[in-house]
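All remarks here apply to the structure that follows.
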Amino acid sequence: MKTRTIARIGLLAGLYAAITLSAHPISYGPIQVRISELLTLLPFYFGGWAAVGLWIGAMIANAFGGLGLIDIIFGAGLTLVAGLLTARAGSLITAAIPPVVINAFGVAFILHLVMGVSYPATVLYVGIGQFVAVGMLGVSVMKLLEKYSVLEKVKYSLT
Numbered sequence: 108m109k110t111r112t113i114a115r116i117g118l119l120a121g122l123y124a125a126i127t128l129s130a131h132p133i134s135y136g137p138i139q140v141r142i143s144e145l146l147t148l149l150p151f152y153f154g155g156w157a158a159v160g161l162w163i164g165a166m167i168a169n170a171f172g173g174l175g176l177i178d179i180i181f182g183a184g185l186t187l188v189a190g191l192l193t194a195r196a197g198s199l200i201t202a203a204i205p206p207v208v209i210n211a212f213g214v215a216f217i218l219h220l221v222m223g224v225s226y227p228a229t230v231l232y233v234g235i236g237q238f239v240a241v242g243m244l245g246v247s248v249m250k251l252l253e254k255y256s257v258l259e260k261v262k263y264s265l266t
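All letters in the sequence shown, in the order written, are residues 108 to 266 by my numbering.
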């Protein structure tokens, strides 16, 4: 793996973790809107390395979430799977589906196991939070970045 790719992964991991931790009160628990999840759309534009960066960032962020190793490993694993599926999406709208659906069901399961909260209710709450972060905020931010060719410029500068 090239040094540039490792640096990109590290930057994205740090950004994801920093955003998650700076919004700590709303980033964790059964009712959450993890603002950093808007970044889960980046693999659609940049491919697999972005999914890896998000995965590492999620591991770092989840280490501070209080749910322990299960969340660090499996919670972050959900982010990796969602990122890899997002990288294969055909459009920005379909790219938003994996992070919303996978996290709604997967994070809810982890929260149910660790905290004993209602699984169906938590699927709903986490799903709504993911829809807000990814489907509304993330898609809006990405469309704005597309409008001003920011993503294209970033992609060009990364080559």
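From the three backbone atoms N, C-alpha and C, an ideal C-beta is built for every residue, glycine too.
Asked, Found
"Beta-carbon spacing of Leu199, Phe153 below 8 Å", "no"
"Same chain, Cβ closer than 7 Å to Ile128, five either side skipped, listed in chain order", "Rather than Ile, the amino acid found at residue 128 in this sequence is Leu. Result list for Leu128: Ala168 and Phe171, in chain order."
"Environment of Leu176 [buried if 16+ CB atoms lie within 10 Å]", "exposed"
"Within 8 Å, strictly: CB atoms of Glu144 and Pro206", "yes"
"Nearest-angstrom Cα separation, counted from Ile133 out to Ile126", "11 Å"
"Nearest to His131 (by Cα), restricted to the options Ser247, Gly245 and Ala165", "Ala165"
"Any 3 or more C-beta pairs closer than 8 Å across the region 241–251 and the region 215–231", "no"
"Contact set for Lys250: own chain, Cβ-Cβ below 8 Å, skip 5 residues either direction", "Leu199"
"Same chain, Cβ closer than 6 Å to Ala203, neighbours up to 5 away in sequence not counted", "Val241, Gly242 and Val246"
"Thr201 burial status per 10 Å Cβ neighbour count (16 or more: buried)", "exposed"
"Assigned exposure category for Tyr135 - 16 Cβ within 10 Å defines buried", "buried"
"8 Å contact criterion, which Ile209 and Val188 should meet: CB distance rounded", "6 Å"
"Complete alpha helix (DSSP H) runs within the region 163–248 (minimum length 4 residues, chain order)", "183–194, 199–202, 204–222 and 226–237"
"Selected residue, minimal CA-CA separation from Gly160, among Val233, Ala183 and Ser256", "Ala183"
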